[in-house]
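S.K.:
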Amino acid sequence: MAGSEGVPAHLSLVCSKNQEAYLLLQTRLPGERWALEEGYDSSVSLFVSGVVQHEIKLAMSVLHKSAREKPLYGKSQNDDPAYLDTIASTSLSGSVMDSLIAWLGYRPGQKVSIVGIQETGIYMQSTSSGADIEKFRQNCLKTD
Numbered sequence: 079m080a081g082s083e084g085v086p087a088h089l090s091l092v093c094s095k096n097q098e099a100y101l102l103l104q105t106r107l108p109g110e111r112w113a114l115e116e117g118y119d120s121s122v123s124l125f126v127s128g129v130v131q132h133e134i135k136l137a138m139s140v141l142h143k144s145a146r147e148k149p150l151y152g153k154s155q156n157d158d159p160a161y162l163d164t165i166a167s168t169s170l171s172g173s174v175m176d177s178l179i180a181w182l183g184y185r186p187g188q189k190v191s192i193v194g195i196q197e198t199g200i201y202m203q204s205t206s207s208g209a210d211i212e213k214f215r216q217n218c219l220k221t222d
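Taken in order, the sequence shown gives residues 79 to 222; the numbers are from the working numbering.
(1) Can you tell me whether DSSP reads residue 196 as helix, strand or coil?
(2) Comparing alpha-carbon positions, which option in 184, 115 and 142 lies nearest residue 205?
(3) Quick check on residue 145: does DSSP put it in helix, strand or coil?
(4) Closer than 8 Å: is that where the CB of residue 219 sits relative to any heavy atom of the ligand MN?
(5) Can you tell me which of 178, 196 and 193 puts its alpha carbon nearest to the alpha carbon of residue 91?
(6) Mapping the DSSP letters down to three states, classify residue 94 as helix, strand or coil.
(7) Classify residue 94 as buried or exposed, calling it buried when 16 or more other Cβ atoms lie within 10 Å of its own Cβ.
As structure tokens, then:
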């Protein structure tokens, strides 16, 4: 759904076996490893910016804390999964999916950010359009 250059950050929509949609964020959270706990819950804001900035409030939890410290010197291994933390949202409602579809519009390239996890912001550029999200929804979500 979105990615960044520099600090690695990848935001994906994933479908559970129960046909529920979740946002999955993989990035390197700041701070000391000992200060971050798996299961840590945070209220975050997801922003999508085009001409107008839109905001959704979500709850997210740390699923996986990377075990490795980043090297202080030499080539950074930012894209190595061993250095990335994994954070997941609660199940996304239909209204959140509707908002994402509308806000991402007809082509990729919108600015997407998540703010509130350890008081930091993660900024990315969308790689999916609203039509891509709609197709995902049709393939994933339960029809009641």
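Beta carbons: idealized from backbone N, C-alpha and C, even for Gly.
M.R.: In short, the structure shows the following:
(1) coil
(2) 184
(3) coil
(4) Absent from the structure shown: the ligand MN. Ligands present: none.
(5) 178
(6) coil
(7) exposed
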